[in-house]
Structure formats: structure tokens, C-alpha cells
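Same order as they appear, the protein sequences are chains A and B. Heads up, the first sequence is in our numbering, so the first residue is 366 and it goes up one at a time. Heads up, the second sequence is in our numbering, so the first residue is 90 and it goes up one at a time. Before any comments, here is the structure.
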Amino acid sequence: MKKQHLLAFLLAPFLLTSCIKEEEADTNADILEAFIPQEYLKTDPIITNNSVEFRVKSNVDLTKQSPVFILSENATIDPVNGTTRDYTNAQTAVVTAQDPNWKKTYTITFNVDELSTKYAFDHAELTDKDRYYRFYTTGSNGDKIYDWASGNSGYVTVAGNKTPDEYPTTIAQGRTGGLAAKMQTVYTSSFAAATGNPIAAGNLFLGSFKTNLLNTLKSTKMGLPYSGELPKSVRTYYKYKAGGEVRNQDFDVVSGAKDTFDIYAILFESRDKDNFLYGDHDFQDPRNVAIARVSSAQRIETTTWKELEFDFEMVSGKTYDPEKEYVLAIVMSSSIDGARFTGAIGSTLIVDEIELIFN
Amino acid sequence: MKNHLKVITTSFLFFCSLISIAQESENEESKFKSFFKENIEYQAKLQLTLGGASPLGIPAQIRKIESFKPINVLGFEANATKWFNDERKYGIRVGLKIEGRGMKTQAEVKNYFTQIEDDSGARTTGYFTGHVVTRANNSYVTLPVSFVWNVSEKWNVYGGFYISATINKSFDGHIYDGVFREGTPIGEPATFEGTAIGIYDFSEDIRSFQFGEQIGVEYKVNKQFSISLDGSFANTAVFRKDFEAISFKMYNIFGNLGFGYNF
Numbered sequence: 366m367k368k369q370h371l372l373a374f375l376l377a378p379f380l381l382t383s384c385i386k387e388e389e390a391d392t393n394a395d396i397l398e399a400f401i402p403q404e405y406l407k408t409d410p411i412i413t414n415n416s417v418e419f420r421v422k423s424n425v426d427l428t429k430q431s432p433v434f435i436l437s438e439n440a441t442i443d444p445v446n447g448t449t450r451d452y453t454n455a456q457t458a459v460v461t462a463q464d465p466n467w468k469k470t471y472t473i474t475f476n477v478d479e480l481s482t483k484y485a486f487d488h489a490e491l492t493d494k495d496r497y498y499r500f501y502t503t504g505s506n507g508d509k510i511y512d513w514a515s516g517n518s519g520y521v522t523v524a525g526n527k528t529p530d531e532y533p534t535t536i537a538q539g540r541t542g543g544l545a546a547k548m549q550t551v552y553t554s555s556f557a558a559a560t561g562n563p564i565a566a567g568n569l570f571l572g573s574f575k576t577n578l579l580n581t582l583k584s585t586k587m588g589l590p591y592s593g594e595l596p597k598s599v600r601t602y603y604k605y606k607a608g609g610e611v612r613n614q615d616f617d618v619v620s621g622a623k624d625t626f627d628i629y630a631i632l633f634e635s636r637d638k639d640n641f642l643y644g645d646h647d648f649q650d651p652r653n654v655a656i657a658r659v660s661s662a663q664r665i666e667t668t669t670w671k672e673l674e675f676d677f678e679m680v681s682g683k684t685y686d687p688e689k690e691y692v693l694a695i696v697m698s699s700s701i702d703g704a705r706f707t708g709a710i711g712s713t714l715i716v717d718e719i720e721l722i723f724n
Numbered sequence: 090m091k092n093h094l095k096v097i098t099t100s101f102l103f104f105c106s107l108i109s110i111a112q113e114s115e116n117e118e119s120k121f122k123s124f125f126k127e128n129i130e131y132q133a134k135l136q137l138t139l140g141g142a143s144p145l146g147i148p149a150q151i152r153k154i155e156s157f158k159p160i161n162v163l164g165f166e167a168n169a170t171k172w173f174n175d176e177r178k179y180g181i182r183v184g185l186k187i188e189g190r191g192m193k194t195q196a197e198v199k200n201y202f203t204q205i206e207d208d209s210g211a212r213t214t215g216y217f218t219g220h221v222v223t224r225a226n227n228s229y230v231t232l233p234v235s236f237v238w239n240v241s242e243k244w245n246v247y248g249g250f251y252i253s254a255t256i257n258k259s260f261d262g263h264i265y266d267g268v269f270r271e272g273t274p275i276g277e278p279a280t281f282e283g284t285a286i287g288i289y290d291f292s293e294d295i296r297s298f299q300f301g302e303q304i305g306v307e308y309k310v311n312k313q314f315s316i317s318l319d320g321s322f323a324n325t326a327v328f329r330k331d332f333e334a335i336s337f338k339m340y341n342i343f344g345n346l347g348f349g350y351n352f
């Protein structure tokens with residue numbers, strides 16, 4: 366009798382845990398991959414949690430396009446894959462999870478516009494439940510184009526109820542009315558800190574950001590298709606204030622260090638897959654052709670608008686062919702070592718108008 | 090370690106006071122005196138606990154329990170059994186114990202609603218599919234009241250209710266190797282891979298009082314020593330009523346193995 370009881374009591378917790386219920390229906394309603402004929406594309410489709418953008422060559426007929434999407438397991442899409450529609454303007458598609466209570470409306474755009482050579486950062490909107498700002502421009506078809514990406518969507522997970530102004534990348538008063546882009550280095554969270562990203566530098570770059578919270582460098586995909594002449598330089602207007610103590614990725618104070626900002630542009634060779642630079646490129650990518658970067662002498666703190674111009678320098682051994690396709694990454698950050706999670710909380714970079722200057 | 094020390098000291102002090110109360114009472118009037126002298130047994134008990142804070146029936150979000158490890162398993166109890174008459178067949182037992190209630194589990198989950206937080210107080214709720222480690226380590230001071238039935242020379246069966254107050258609360262853990270979707274199951278995804286973890290700590294949300302039942306058996310090895318086995322089941326959830334960071338209610342369900350010394 367004693368033994369039986371002993372067994373029953375010892376087993377009780379396990380008996381309880383052994384009755385695992387039937388698995389519930391999947392709730393993922395994501396577009397994971399998107400396809401159109403490869404020869405139409407200038408770069409990989411840019412997919413976010415609720416949009417797909419195809420950057421296509423100018424000779425592509427947008428009135429009859431039939432994109433195909435790979436979805437989350439057991440999810441369905443309406444209209445069905447391969448439906449031919451007119452994509453002169455953005456279209457929408459609804460992805461429904463296996464559990465039909467969960468569905469997402471994706472905006473699907475085809476963008477034939479060449480990359481702009483001048484951005485004023487005058488237009489921004491609140492996104493993702495109005496939690497942070499993103500900048501946009503208006504394309505030739507009247508649709509909004511989101512060339513500039515930031516790490517804001519990755520910050521959401523640790524932001525709690527912070528206001529849009531407290532996110533790493535936000536808006537500020539522009540130089541001549543309008544808006545400007547404001548980047549600030551902020552503290553992230555204890556759990557991000559535990560894995561070596563205690564701070565987030567505000568950033569803004571041509572490209573896309575796919576959230577990978579704790580591998581932020583791989584979330585950052587920098588660069589958009591570029592063709593045309595090699596620009597001579599980059600010109601911009603900025604304000605900068607360095608924060609206090611510089612802290613490294615262990616959140617230790619780097620003694621004697623003073624924070625500074627970074628602005629640079631890289632032109633690199635185009636390829637079919639992974640046509641971007643990750644955040645940890647460190648200017649060493651073999652595809653790099655020409656690099657323009659603000660010099661150390663130019664990194665001056667200023668509370669009034671200051672003009673900044675810096676030249677493209679060819680990477681040794683590389684030549685530029687204006688007939689070829691390239692990729693352009695323009696990157697701005699409130700802390701120069703932000704990619705290594707090092708910077709001073711409070712460092713603030715405000716940028717208005719960034720322009721490629723040609724001969 | 091600090092906890093254990095606290096538990097040991099408190100229970101020792103309690104035990105001493107119980108004995109002194111018993112002794113003092115000898116000086117009281119005879120009726121009162123006889124109540125504490127006749128047909129009464131005093132017992133001190135060391136308890137090993139196994140169990141956990143568990144939902145009643147595993148919710149569908151939990152796909153697999155990957156590991157379960159009891160922690161903080163020690164408890165100390167002092168009790169007194171007052172038999173109703175000289176036959177010593179039925180009686181009432183009142184005790185006081187200090188006990189640990191702990192476990193560490195690792196589970197695979199799908200769409201597990203949780204809240205990860207930051208030391209600045211920023212909290213993010215969402216749905217996580219991946220792996221969750223949960224560590225519960227609570228200490229309670231418990232007052233069990235049981236009806237005792239002396240079945241045979243060697244065996245007692247007892248059962249009744251208890252009330253508990255927490256003296257130490259801890260319920261924390263982390264999520265890893267999976268995807269956290271912020272807000273809703275279709276919210277912005279954040280991937281946790283490699284060494285990346287999201288921490289949660291619900292210690293402050295542990296309910297201070299518990300109420301439940303226990304039932305058990307006791308085997309008398311000889312006049313002094315006895316071994317007991319009982320189960321205790323809480324009627325009150327582990328967390329406060331307004332606690333929402335876990336979508337299902339959890340209850341303390343534990344089995345206790347006791348080694349008693351009768352005075």
C-alpha cells in the first residue's frame with residue numbers, strides 16, 4: 366500500500382503534464398518570400414510584416430503582373446498566387462492564417478522609379494500602431510515610397526510605452542520649415558543588454574530593416590539599386606550633440622572616449638541574391654566600388670545647421686562603369702560605433718537634405 | 090541558500106515556542122492542563138516536496154514539457170494531534186510548517202502569451218513560439234488543519250485544509266530559440282536565436298495567501314518515527330487575480346514525503 370501511494374504522489378505532477386492537448390491551428394499569416402521573373406528585378410523584393418515591394422527595371426509592364434508568394438505554413442492568400450493584376454499603383458492582398466481569426470493585409474507595390482539623388486526628409490508618418498515614425502517620398506505614380514529604413518521596428522519589442530519621439534529614429538524641425546531626420550542613441554533594455562546590445566544608436570539608411578531583435582546587424586540590410594554616373598560627393602546639413610559617457614556593448618564606460626556621428630555612402634556591385642550590405646560590413650565588403658564618408662575633421666558638434674560635403678573615393682583596384690547596375694547605401698548614425706553597440710546615450714544627430722553631387 | 094537558512098531558523102524557533110507553550114500550559118488549571126497532556130501527540134516532521142505551479146490540465150499553448158526539476162524541496166513541520174477520546178481512533182491535527190515550493194521547467198510552446206520586460210519597467214506583451222524556461226521558488230508558512238483517522242496500529246489517514254502565506258516569492262524565467270510576435274500573433278516578429286533570451290519576472294505578482302486541501306497517509310515505523318505521504322492542492326491560483334501576463338491560471342500542486350519524530 367505504501368509503495369502504491371508513493372508512486373501515485375511522485376507521479377502526480379508528471380501525470381498532469383502528460384496530457385498535452387491537441388495542437389491549435391497556426392496563427393502565422395506572413396509572406397515569407399515573393400517572386401516575379403528574376404530579369405524584371407533590380408534587387409531582391411523587400412518584404413516587411415505588412416508590405417512587399419518589387420523594385421523593377423523601367424521597361425517592365427506594370428499593368429500585367431502575376432507575383433507569387435511563399436506564405437507561412439497553412440496560410441492562404443487572396444487573391445490567389447499568380448493572379449494577374451495591374452500594379453501601376455499599389456495593390457493589396459490578404460493573407461489568412463490556418464486559424465482564420467488571424468489575417469494580415471499586405472500592400473504590394475512595384476516601383477520603377479530610379480533612386481532619387483536628393484532627399485529632404487520632409488515627409489514622415491506614424492506607423493505600426495502609431496508607435497514610431499518612418500520617412501517616405503512620393504513616387505511618379507503617386508504612391509508612397511519608403512527608401513529610408515531605420516531600426517525603429519526592432520526597438521518596438523523593448524520600447525514599452527515610449528512615445529514616437531523617444532524612439533532611436535524620429536523627426537525634428539527642418540532647416541527651412543518642413544521636417545528633418547533625428548537620430549538619437551538610447552538605452553535598450555536589460556535583456557537586450559544581457560546579450561550585448563545595451564544601447565541602440567539612431568540610424569537611417571537606404572535599404573530595409575527586417576526585425577531580428579537580438580541580431581540587429583543582420584536585420585539591417587543596406588543599399589538600394591542605383592544606376593547612372595558616379596557621384597562626386599555627398600552633401601548634407603546637420604546638427605550634432607554628443608552624449609555623455611561612451612559605453613561599450615557590455616555597458617562599461619569607455620574611459621576618455623567621446624561619441625561622434627557617422628554619415629557615409631557606399632556604391633557597390635549589384636548581384637542577384639543578397640543584394641545589400643549588412644550592418645556589420647565595416648567597409649570591407651569586396652563588392653565595394655566607391656566610398657564617401659564624413660572625415661574626422663568634419664565631425665564637429667553644432668547646435669546650428671552646418672553644411673557638410675565629403676567626396677567619393679574609389680576603392681583601390683575598382684573602376685566605375687556608368688552602364689552597369691550598382692547598389693547605393695547611404696547610412697547615418699548618431700553614434701559612430703553604433704553597429705558595435707557602443708555609443709553615448711543621448712548623442713543626437715539631426716540631418717536635413719542629403720544629396721548626391723555630380724560634376 | 091539564504092532562504093534555506095531563514096526557513097530552518099524560523100521553523101526551529103517555532104518548534105521551541107510550541108514546546109514552551111505546551112510546558113507553560115502545565116501550570117494552568119487542571120482541565121486545561123489535561124487537554125494538552127491527555128490523548129495528545131506532538132510531532133516534528135521533515136518534509137521533502139515534489140511538484141509545481143501547474144495549470145489544471147496543460148493548456149494547448151504548451152506543446153511539450155522538456156524538463157522538470159524540483160527545487161527548494163525542504164520543509165519543516167511541527168504539529169499536535171488531539172484525539173477525541175481514549176480509543177485514539179479519530180482526532181484533529183493542527184500544524185505549522187515552513188515549506189519550499191519550487192520547480193524549474195523547460196517547455197516547448199506555441200503561441201504562448203507572455204510579457205518580457207526590462208529593468209526600466211518597459212514591458213512588452215506578445216505571443217511566443219519556441220522554448221520557455223520557468224523557475225518558481227516560493228517559500229510559504231502554512232497552517233494545515235487535518236482530520237486524522239487511525240486506521241490500524243501502524244497506519245493513519247489524514248486530510249483537511251490549509252492556509253499559507255508567502256514568506257519569499259520568486260517566479261521568473263526566460264524565452265529563447267523562437268519567435269516573439271509583439272502584441273498579437275500577427276504582430277512584428279522578433280527572432281530569438283543563438284544566445285538571445287527574453288527575460289520575464291513575475292515574482293511581484295505572486296499571491297500572498299494560499300488556501301487549499303491536503304490528504305495523506307502516515308506509517309508508524311515505531312513509537313518515535315513515522316513516514317508520511319501527502320498531496321496538497323491549492324484552491325487559489327499562484328498569481329494574483331488581476332495578473333494577465335500568463336493566459337492560464339496556475340495552482341500549487343505538490344506531493345510531500347515526510348519523516349516524523351513523535352514526542
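Every residue gets a Cβ at the ideal spot worked out from N, C-alpha and C, and that includes glycine.
With a CB to CB cut of under 8 Å and the five nearest residues on each side skipped, what residues in its chain are close to residue i?
| i | result |
| --- | --- |
| A/Ile-722 | Pro-596, Lys-597, Ser-598, Val-599, Arg-600, Glu-674 |
| B/Trp-244 | Val-306, Glu-307, Tyr-308, Lys-309 |
| A/His-370 | In this prediction, A/His-370 has a pLDDT of 49, which is less than 50 and means its spatial position is unreliable; nothing more can be read from the coordinates. |
| B/Leu-145 | Lys-338, Tyr-340 |
| B/Gln-150 | Val-198, Lys-199, Asn-200, Tyr-201, Phe-202, Ser-336, Phe-337 |
| B/Tyr-179 | Trp-172, Phe-173, Phe-236, Val-237, Trp-238, Asn-239 |
What residues from chain B crowd round residue i, counting only those whose CB sits closer than 8 Å?
| i | result |
| --- | --- |
| A/Asp-493 | Glu-277 |
| A/Glu-389 | Ala-149, Gln-150, Lys-199, Asn-200 |
| A/Ser-518 | Glu-277 |
Count the other C-beta atoms from every protein chain shown that fall within 10 angstroms of the C-beta of residue i, then say buried if there are 16 or more, exposed otherwise.
| i | result |
| --- | --- |
| A/Thr-392 | buried |
| B/Tyr-350 | exposed |
| B/Asn-341 | buried |
| B/Ile-187 | buried |
| B/Pro-159 | buried |
| A/Thr-724 | One detail in the question is off: residue 724 of chain A reads as Asn in this sequence, not Thr. A/Asn-724 should be labelled exposed. |
| A/Pro-563 | buried |
| A/Asp-495 | exposed |
| A/Asp-617 | exposed |
| A/Glu-678 | exposed |
| A/Ser-744 | Residue 744 of chain A is absent from the structure shown; chain A starts at 366 and stops at 724. |
| A/Pro-444 | exposed |
Check the Cβ of residue i against every Cβ in chain B and list those closer than 9 Å, keeping chain order.
| i | result |
| --- | --- |
| A/Ile-385 | Ile-147, Ala-149, Ile-151, Arg-152, Lys-153, Ile-154 |
| A/Asn-440 | The sequence shown places Ala at residue 440 of chain A, not Asn. By Cβ distance, chain B contributes nothing, its closest Cβ being about 10 Å from A/Ala-440, past 9 Å. |
| A/Ala-394 | Pro-274, Ile-275 |
| A/Asn-424 | Simply none; closest approach about 35 Å. |
Within its chain, find whatever has a CB closer than 7 Å to the CB of residue i; leave out the 5 residues flanking it on each side and keep chain order.
| i | result |
| --- | --- |
| B/Glu-197 | Arg-152, Lys-153, Glu-155, His-220 |
| A/Glu-418 | Pro-410, Ile-411, Thr-474, Asn-476 |
| B/Arg-296 | Thr-325, Ala-326, Val-327, Phe-328, Arg-329 |
| A/Ile-396 | Ile-412, Val-417, Phe-434, Leu-436, Val-460, Tyr-471 |
| A/Asp-650 | Phe-633, Leu-642 |
| A/Ala-622 | Val-611 |
| A/Ile-401 | Phe-419, Gln-430, Pro-432 |
Can you list the residues of chain A that residue i reaches, using a CB-CB cut of under 8 Å?
| i | result |
| --- | --- |
| B/Thr-213 | Val-521, Thr-522, Val-523, Ala-524, Gly-525 |
Identify the contact partners of residue i in chain B, using a Cβ-Cβ distance below 7 Å as the criterion.
| i | result |
| --- | --- |
| A/Ala-546 | Within chain B, no residue comes near A/Ala-546; the closest Cβ sits about 21 Å away, beyond 7 Å. |
| A/Trp-467 | Pro-274, Ile-275 |
CB-CB under 6 Å to residue i, same chain, minus the five flanking residues each way: which ones, in chain order?
| i | result |
| --- | --- |
| A/Ala-307 | Absent from the model: residue 307 of chain A. The displayed extent of chain A is 366 to 724, so no value can be given. |
| A/Tyr-726 | Absent from the structure is residue 726 of chain A, since the part of chain A shown begins at 366 and ends at 724. |
| B/Leu-137 | Val-162, Leu-346 |
| A/Ser-712 | Thr-550, Ala-607, Gly-608, Asp-624, Ser-699, Ser-700 |
| A/Thr-492 | Arg-499 |
| B/Val-246 | Trp-238, Val-240, Val-306 |
| A/Ala-455 | Thr-472, Thr-474, Asp-508 |
In chain order, what are the residue ranges of uninterrupted beta strand (DSSP E) at least 3 long that sit wholly in the region 402-429 of chain A?
416-420
Within 9 Å of chain A by C-beta, residues of the region 256-278 of chain B in sequence order:
His-263, Val-268, Phe-269, Arg-270, Glu-271, Gly-272, Thr-273, Pro-274, Ile-275, Gly-276, Glu-277, Pro-278
In the region 470-483 of chain A, which residues sit with their C-beta less than 8 Å from some C-beta in chain B, listed in chain order?
none
Please go through the region 461-489 of chain A and give each complete beta strand (DSSP E) segment of 3 or more residues, from N-terminal end onward.
468-476
Where the region 407-420 of chain A meets chain B: residues whose CB sits under 7 Å from a CB there
Asn-414
Segments assigned beta strand (DSSP E), at least 3 residues, entirely inside the region 283-312 of chain B
298-309
May I ask you to list, following chain order, the residues of the region 501-515 of chain A that have a beta carbon less than 7 Å from some beta carbon of chain B?
none
Complete runs of the beta strand (DSSP E) confined to the region 213-288 of chain B [at least 3 residues]:
244-257, 260-271
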